Each structure stands twice: as C-alpha cells, then as structure tokens.
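Here's the structure, in structure tokens; my notes come after.
Residue numbers (the numbering used here): -16 to 164.
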C-alpha cells in the first residue's frame, strides 16, 4: 500500500523539482538588472525589432510585506524581454494604473510604514527606476480617497487620476492596450 502511494506521488515530486530548477534559467535583463528577470525563449514567431508597444498594466493586488509588487515587476520584465529580443527601448511605452489595496505601493516610505505596521515599501526603488525609463504611474483617485491617500503621500512622479477606469479609458484613447497579466 505504501509502495503504491509512493509510486503515485513520484510524478508529482518530479514536476515540483524542475519548476524551481527552471527558475535558474531566469537572468537579469538588459535594462533592469535588480528586478524583472527574464529567460531566453526560442520563439516560433520572433518579435519584429521595429515593433511598437503601448501597454498599460492594471495593478489591484498589494505587494506582500517588504516585497516588490509582482505586477510592477512584470512591467520591468516586459521591457527587459523585448529589449533583449531586439526591440529598441524607445519603442516601448508603459503605463501602470494602480487601484484597490495596491494603492499603498505608490506612497512614500513614511506614509507606507504608518499604514503597513512599519514595513518597507519595497516597490519604491523599482518605481523610481521604471519612471527613469519612461514608465508612467497613475493612482486611482477613488481608491486613494477610500484609503486616505492624498497627493502629498505619493512617490515622486506618480499621477493622481480621477479613477482607474478613467486612466485606462484615456490610455486606450492614446492607443495603449491593457496587459491581461
């Protein structure tokens, strides 16, 4: 009986190990080296080097304590992946629209710590680096109001929008697509 259970579990154990081992394939990218790791991919249809990207990311889930917000890191991965694939960085324009519980991830350290049991806003440095590369950050004003966040509480460069819905609608009018991840 125990032998049968072990035989049944072996395939599951085999699947669990390669996932962590495969993370070794991920390396720092050419633009952001401290975050946004990428893996090389043999593409069936390579991305054309003259591709133009205008993409918005929707962020509602807050970062885990003392960790970089996963969706903000995904934006860095997006840039790293495409630059590594040969797309010039100037052909990539990203906007990050933040609302809900993630709203605090756009606040300066003092405000963040006061509302997160003294935790560090681990997303702040990445946000600053992303902004240096042209990434725009928008905070939903409705979420900000719900969480007691004012413009003075925001990290430098973060823009307050009427709402996340408004920010996405305006970005779509500027030909931005919404990244579903």
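Idealized CB from N, CA, C, for every residue including glycine.
If you're wondering where the values come from, they're calculated on a predicted model, not measured in any experiment.
Considering just the uninterrupted stretch of the alpha helix (DSSP H) at residue i, what are its terminal residues?
i	result
residue 75	No alpha helix (DSSP H) contains residue 75, which is instead part of the beta strand (DSSP E) from 75 to 81.
residue 92	92 to 98
residue 160	Segment 160 to 162 is the beta strand (DSSP E) holding residue 160; no alpha helix (DSSP H) there.
residue 149	147 to 156
Based on Cα-Cα distance, which residue from the options lies nearest to residue i?
i	options	result
residue 91	82, 144, 106	106
residue 166	67, 82, 74	As displayed, the chain neither begins before -16 nor continues past 164, which places residue 166 out of reach and without an answer.
residue 123	112, 89, 52, 161	89
residue 100	117, 47, 71	47
residue 113	8, 34, 15, 7	15
Does DSSP classify residue i as helix, strand or coil?
i	result
residue 112	helix
residue 142	strand
residue 32	coil
residue 51	coil
residue 24	coil
residue 15	coil
residue 42	strand
Quick check on residue i: buried or exposed, where buried means 16 or more other Cβ atoms within 10 Å of its Cβ?
i	result
residue 120	buried
residue 24	exposed
residue 127	buried
residue 133	exposed
residue 22	exposed
residue 144	buried
Expressed to the nearest angstrom, what Euclidean distance is found between the alpha-carbon atoms of residue i and residue j?
i	j	result
residue 38	residue 98	30 Å
residue 138	residue 68	31 Å
residue -2	residue 19	With a pLDDT of 46 at residue -2, under the threshold of 50, the predicted position of this residue should be treated as unreliable, though the coordinate-derived value follows. Whole-angstrom Cα-Cα distance: 24 Å.
residue 129	residue 84	10 Å
residue 148	residue 32	32 Å
residue 159	residue 36	8 Å
residue 154	residue 140	17 Å
residue 76	residue 66	12 Å
residue 41	residue 78	9 Å
residue 111	residue 102	18 Å
residue 104	residue 51	8 Å
residue 131	residue 26	46 Å
residue 162	residue 136	27 Å
State the start and end residues of the unbroken beta strand (DSSP E) segment that holds residue i.
i	result
residue 122	119 to 123
Using a Cβ-based criterion (distance less than 6 Å to any ligand heavy atom), does residue i qualify as near the ligand MG?
i	result
residue 10	With respect to the ligand MG, the structure offers nothing, as it holds no ligand at all.
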